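There are 2 protein chains.
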Amino acid sequence: MICLTAIPVAHPRSAFHMNEKPNLQRCPDPQTKCKECPIRTMTLFRDVSENDLVWMQEFRDTQYLLPDREILFQEGETAHTLYTLFDGWLILFKTLDNGKRRIMRFLLPGDFFGFQVDGIGPASGYMHSSQALMESTLCAFPVTRFRSMMQKQPQLTARLAEMEMHDMNLCQNHLIDAARNSARQHIAFLLLELFHRVRRQIRSGYDGKTNSIVFPLTREDIGDAIGLTSHHVNRILQEMEREGLILCQKKRLSILNEKAFMEIGQFEPGMILPKHLI
Amino acid sequence: MICLTAIPVAHPRSAFHMNEKPNLQRCPDPQTKCKECPIRTMTLFRDVSENDLVWMQEFRDTQYLLPDREILFQEGETAHTLYTLFDGWLILFKTLDNGKRRIMRFLLPGDFFGFQVDGIGPASGYMHSSQALMESTLCAFPVTRFRSMMQKQPQLTARLAEMEMHDMNLCQNHLIDAARNSARQHIAFLLLELFHRVRRQIRSGYDGKTNSIVFPLTREDIGDAIGLTSHHVNRILQEMEREGLILCQKKRLSILNEKAFMEIGQFEPGMILPKHLI
DNA sequence: CGTAAATTTGAGGTGCATCAATTAAAGTGG
DNA sequence: CCACTTTAATTGATGCACCTCAAATTTACG
Chain A
812 MICLTAIPVA HPRSAFHMNE KPNLQRCPDP QTKCKECPIR TMTLFRDVSE NDLVWMQEFR
872 DTQYLLPDRE ILFQEGETAH TLYTLFDGWL ILFKTLDNGK RRIMRFLLPG DFFGFQVDGI
932 GPASGYMHSS QALMESTLCA FPVTRFRSMM QKQPQLTARL AEMEMHDMNL CQNHLIDAAR
992 NSARQHIAFL LLELFHRVRR QIRSGYDGKT NSIVFPLTRE DIGDAIGLTS HHVNRILQEM
1052 EREGLILCQK KRLSILNEKA FMEIGQFEPG MILPKHLI
Chain B
812 MICLTAIPVA HPRSAFHMNE KPNLQRCPDP QTKCKECPIR TMTLFRDVSE NDLVWMQEFR
872 DTQYLLPDRE ILFQEGETAH TLYTLFDGWL ILFKTLDNGK RRIMRFLLPG DFFGFQVDGI
932 GPASGYMHSS QALMESTLCA FPVTRFRSMM QKQPQLTARL AEMEMHDMNL CQNHLIDAAR
992 NSARQHIAFL LLELFHRVRR QIRSGYDGKT NSIVFPLTRE DIGDAIGLTS HHVNRILQEM
1052 EREGLILCQK KRLSILNEKA FMEIGQFEPG MILPKHLI
């Protein structure tokens, strides 16, 4: 459990610029062009035609680098910027009244975030806080240009709805998992979901030889995602390692007995496949 | 906890028609016209112009009446029809491997559902089962006409994304609530969410005199929505009644001490307000 | 090489599930 | 309108999974 006590003061709106974010640095040139983007098929802009990508590029601000464990924005902060995660791994979380932290979403490359806001108009605030689980690269889009971008490219709306449905699906899966009762199930389910999501990535941290992925979560992160203490998470992980099911150490996760593990977590790969509008 | 053992055989696709649903009866004429619909501002079709409503009406199948506690469709069943709830109260739920039931969404008038499907194309199946908590009226839209309807009315896509965001928000709130620890909190939160949602309805079952709403959930329903046994739900409800917080009996819910109750449930009305695309 | 962060281990308490019945309420048909 | 049946609500006893508090140990990192 992590308690964030010092909530930073919101930036005065007029004076806000990206470069005021102390821990966010502009990526050095040359930055990745949208039309050369290696992960575009996984992003909001999948369906944009080659031609349109040229001017679409204008909507993007720049690519930024966010260091490991650094916070990108805080819940409630005025939402000036929307993001596509280009490379790395982020979390969206909320801090509860009792000080506990709840991780709501894990963001992997291609994920679009920051548009779920509270309130209407230019003063609307982010719904979650976001933090890097490893050094990450972000493509930033100023909110001010977003609406006109959506209007000029109507298919973006459909794609957004589709991506929203996918996130909704993941969220519902977690709700279902929450209805089960054992810590073993919760942990197995979460690890499997993340494992399969990473493996689906175009440039994934997946290693087929050891059936393992890059896995930067601490036991506390795992606990805050499923509602357990880091202590108990640790005990169960050890138990699972002793049983030869997995190996979860040094920022790497190997699944040694995938079949048995999926049985425990009641997980099926189809659960996290992209959903489509009818 | 409810165990559904007898999963009905799926209808052969070609032979399926609405009227094969044994418990679904066509509403007697005259049926409500879209352009005279009293709840249209709460539906997917809020932004459709008066002119367009005439031909929009053509897309709709008919209005159907679903009796109390009757099942509308089962998870996995081929999704031929999308619905707007016109009047009544439904639940969307999933039946877990261990036999338990998890209620995923409570549907109130205006809610659009049935479009979250598994798979692609005409063979895709519903993601949840749906059941009436009271006699309900439904507006049915054949899937086959839906895509062309969306194309002719692009603003429907934006509205759909917006409604999806709202549902996502509710779903996330439940996830947050699941991270809290006491049954008191879970129950208070759920009751308050439903109470406020009903009160926001145009034709609500709200009675200002007793600060009460129509509330058809059994203790089992409540338990299946938040992951408790009906026994324990009952104990907590009694406790709350003894403390003069609420009254939850005979299909009615009164909130007697709203301030204290909101404190317990860590609920704020803003949590369930509609969200907007930036 | 020193300090902070993360992991690990242990003991003890409790909230909620489980099992087992009883009672009350709501339909249903004669 | 009353017997009958079904469903929902209620009550109690027992056990365990997981939390809490407390501290030691290891790992990461400047």
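Protein chains in written order, with the working numbering: chain A, 812 to 1089; chain B, 812 to 1089.
Don't be surprised by glycine CBs; every beta carbon is placed ideally from N, CA and C.
Since the model is a prediction, treat every value here as computed from it, not as a measurement.
*Entirely enclosed beta strand (DSSP E) segments - the segment 853-889 of chain A, minimum 3 residues*: 874-877 and 882-884
*Contacts of Gly1038 (chain A) in chain B (Cβ-Cβ under 7 Å)*: Ala989 and Ala990, listed in chain order.
_Where Gln1077 (chain A) falls: helix, strand or coil (DSSP)_ = coil
*Indicate whether Thr1040 (chain B) and Ala951 (chain B) have their beta-carbon atoms separated by less than 8 Å.*
The criterion of a C-beta distance shorter than 8 Å is not satisfied by Thr1040 (chain B) and Ala951 (chain B).
*If we ignore side chains and look at the alpha-carbon of each, how far apart do Lys1086 (chain B) and Gly925 (chain A) end up?*
One C-alpha to the other measures close to 13 Å.
*asked:* Is it buried or exposed, Ala826 (chain A), if we count other Cβ atoms within 10 angstroms and call 16 or more buried?
replied: Low confidence applies here, because Ala826 (chain A) scores a pLDDT of 36, under 50, leaving its location unreliable and the question unanswered by this model.
*Answer yes or no: does any C-beta atom of chain A fall closer than 8 Å to that of Glu1110 (chain B)?*
What is shown of chain B runs 812 to 1089, which leaves residue 1110 (chain B) out entirely.
_Which same chain residues end up closer than 8 Å to Leu1003 (chain B) when comparing Cβ atoms and leaving out the 5 residues on each side of it in sequence?_
Cβ neighbours of Leu1003 (chain B) beyond the five flanking positions: Ile1066, Phe1072, Met1073, Gly1076 and Phe1078.
*I think Gln874 (chain B) touches Thr854 (chain B), with their Cβ atoms under 8 Å apart; what is that distance to the nearest whole Å?*
Not a contact, Cβ separation roughly 13 Å.
_Cβ closer than 8 Å: which chain A residues qualify as neighbours of Met915 (chain B)?_
Gln983, Leu986 and Ile987
*Start and end of the beta strand (DSSP E) containing Ser1015 (chain A)?*
For Ser1015 (chain A), there is no enclosing beta strand (DSSP E), as DSSP marks it with neither H nor E.
*With 8 Å set as the bound, which would you pick, yes or no: does the beta-carbon of Met979 (chain A) sit closer than that to a beta-carbon of chain B?*
Yes, its Cβ sits closer than 8 Å to a Cβ of chain B.
*Mind checking the segment 1054-1088 of chain B against chain A and listing, in chain order, the residues whose C-beta falls within less than 8 Å of any C-beta there?*
Correct list: Gln1077, Gly1081, Lys1086, His1087 and Leu1088.
*Compute the Euclidean distance between the alpha carbons of Gly1055 (chain B) and Asn1045 (chain B), then round it to the nearest angstrom.*
15 Å
*Euclidean distance between Cα positions of Phe957 (chain B) and Asp978 (chain A)*: Their backbone Cα atoms lie some 22 Å apart in a straight line.
*Mind pulling the beta strand (DSSP E) runs of 3 or more residues that sit fully within the segment 985-1057 of chain B?*
The segment 985-1057 of chain B contains, as complete beta strand (DSSP E) runs of 3+ residues, the segments 1023-1025 (chain order).
*Can you pull the chain B residues whose beta carbon is under 7 Å from the beta carbon of Ala999 (chain A), in chain order?*
Near Ala999 (chain A) there are no residues of chain B at all, since even the closest Cβ is about 13 Å away, more than 7 Å.
*Looking only at DSSP bridge pairs, what is Ser947 (chain A) linked to?*
A:Leu877
*Sub-8 Å separation of Leu944 (chain B) and Ile882 (chain B) beta-carbons*: no
*Is Phe952 (chain B) near the ligand MG, in the sense that its beta carbon is under 7 Å from a heavy atom of that ligand?*
In the structure on display, the ligand MG does not appear, and there are no ligands present to speak of.
*Interface residues of the segment 893-910 of chain A facing chain B [CB-CB below 9 Å]*: Correct list: Leu893, Lys905, Leu907, Asp908 and Asn909.
*Can you tell me whether DSSP reads Leu901 (chain A) as helix, strand or coil?*
Shown here, Leu901 (chain A) sits in a strand according to DSSP, grouped into three states.
*Ends of the beta strand (DSSP E) at Arg851 (chain B)?*
Taken as a continuous stretch (DSSP letters only), Arg851 (chain B) belongs to no beta strand (DSSP E), as it is neither H nor E.
*When the Cα atoms are used, what is the spatial distance from Phe923 (chain B) to Pro878 (chain B)?*
Just so you know, the alpha carbons of Phe923 (chain B) and Pro878 (chain B) end up roughly 19 Å apart.
*How about Lys905 (chain B) and Glu886 (chain B): do their beta carbons lie closer than 8 Å?*
Yes, they are a contact pair.
*Taking only the alpha-carbon atoms, compute the straight-line gap between Ser935 (chain A) and Asp929 (chain A) and give it to the nearest angstrom.*
5 Å
*Whose C-alpha, out of A:Leu907, A:Thr889, A:Leu949 and A:Val865, is nearest the C-alpha of Thr895 (chain A)?*
Answer by Cα proximity: A:Leu949.
*List the residues of chain B whose Cβ lies closer than 7 Å to the Cβ of Ala969 (chain A), in chain order.*
Thr968
*Ser959 (chain B) lies in the alpha helix (DSSP H); which residues open and close that run?*
Val954 to Lys963
*For Pro965 (chain A), decide whether its Cβ has a neighbour in chain B, counting only Cβ atoms nearer than 8 Å.*
At least one beta carbon of chain B lies nearer than 8 Å to the beta carbon of Pro965 (chain A).
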